[in-house]
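My numbering puts the first residue of the sequence shown at 6, with every later residue one more than the last. The beta-carbon is built from N, C-alpha and C at its ideal position, and this holds for glycine as well. First up is the structure itself, then whatever we jot down about it.
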Amino acid sequence: MSLKILISNDDGYYAEGIKTLKEILLSLGHQVFVVAPMQNQSATSHSLTLTIPLRINRVNKNEYITTGTPTDCVLIATHGLIKEKFDYVFSGINHGPNMGEDVIYSGTVAAAMEGVLMDIPSVAFSMAAFENIDFSNAKNVVPKIIELLKKVGKKKRLLLNVNIPNGKINGYRITKLGSRIYSDSLITKVDPRGRKYYWIGGEKPTFKMKKGTDFEAIEKGYVSITPITFDLTDFSILENLKKVAKNVF
6 MSLKILISND
16 DGYYAEGIKT
26 LKEILLSLGH
36 QVFVVAPMQN
46 QSATSHSLTL
56 TIPLRINRVN
66 KNEYITTGTP
76 TDCVLIATHG
86 LIKEKFDYVF
96 SGINHGPNMG
106 EDVIYSGTVA
116 AAMEGVLMDI
126 PSVAFSMAAF
136 ENIDFSNAKN
146 VVPKIIELLK
156 KVGKKKRLLL
166 NVNIPNGKIN
176 GYRITKLGSR
186 IYSDSLITKV
196 DPRGRKYYWI
206 GGEKPTFKMK
216 KGTDFEAIEK
226 GYVSITPITF
236 DLTDFSILEN
246 LKKVAKNVF
């Protein structure tokens, strides 16, 4: 059965990842709609553009470029730009992994999250490599994920975060989010007029190798599939916090 799938990303309309995703879906006989940012919007998280107008350029019948963020793109598409009712929202394929705490910063994951907020099952796809990315690995993964979605059924609030190994794929694993070890730094420079400017940088982050995590799966050559939820409540402290609060308020 042909599906109607909205795709977006955070690397921009002209990125290889979203082109690959579109080609895969079209080859499977699905109807694809593209609404993507004009420029790279990596690490924009779930930001919305509220202080300046958004511009939209129609590329062809089913494809649009916007000046907005990934979240803007999905919101625009589902609020009238495209009249179709989407079966799924797919975001990516990201140029680099989105694992552990990455999902908090990721525009790729945010676009999929926005789809879920619109009650559309959504998936964020990422290639787990920063250099020499082989997007051909996704050709076998995307159809498998669609098959999985069909098996799960129409769960409106379903959000999957999929990371794909860059090398040989040894299989698939359902995982939990792992934890990164960051070494961020603020780099200060001076422009020709003597004014300071800054870059946020640092060394490539590492991760804690824990069983059942997305990091472990990728490290061992498996596709990582992580279900994500919006509830950020820390249940480990909730009840104790209620007890302690009685003596404060």
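query                                                                                                                        : result
Cβ-based burial, residue 115 [other Cβ within 10 Å; buried from 16]                                                          : buried
Between the CA atoms of residue 66 and residue 211 - distance to the nearest angstrom                                        : 43 angstroms
Assumed close pair residue 167, residue 127 - CB separation to whole angstroms, cut-off 8 angstroms                          : Between residue 127 and residue 167 the Cβ distance is about 11 angstroms, and since that is not below 8 angstroms, they are no contact.
Own chain residues within Cβ distance below 8 angstroms of residue 239, not counting five before or after                    : none
Buried versus exposed, by CB contacts within 10 Å (16 or more), residue 80                                                   : buried
Bounding residues of the beta strand (DSSP E) (the contiguous stretch that carries residue 71)                               : 68-71
Other residues of its chain near residue 217: CB distance less than 7 angstroms, five sequence neighbours each side excluded : 180 and 181
Stretch pair the region 35-43 + the region 67-74: three plus CB contacts closer than 8 angstroms                             : yes
Beta-ladder partner(s) of residue 218, from DSSP                                                                             : 181
Distance, residue 215 Cα to residue 59 Cα                                                                                    : 43 angstroms
Closest by C-alpha distance to residue 136, when choosing among 151, 108, 165 and 100                                        : 100
Between the CA atoms of residue 141 and residue 31 - distance to the nearest angstrom                                        : 15 angstroms
Three-state secondary structure assigned by DSSP to residue 232                                                              : strand
For residue 190, the nearest candidate out of 205, 201, 183 and 198 (CA to CA)                                               : 205
Any 3 or more C-beta pairs closer than 8 angstroms across the region 89-103 and the region 12-32                             : yes
Sequence-distant residues of its chain with Cβ nearer than 7 angstroms to residue 35 (five each side left out)               : 7, 8 and 10
Contacting residues, own chain, Cβ-Cβ under 7 angstroms from residue 173 (five flanking each side not counted)               : 226
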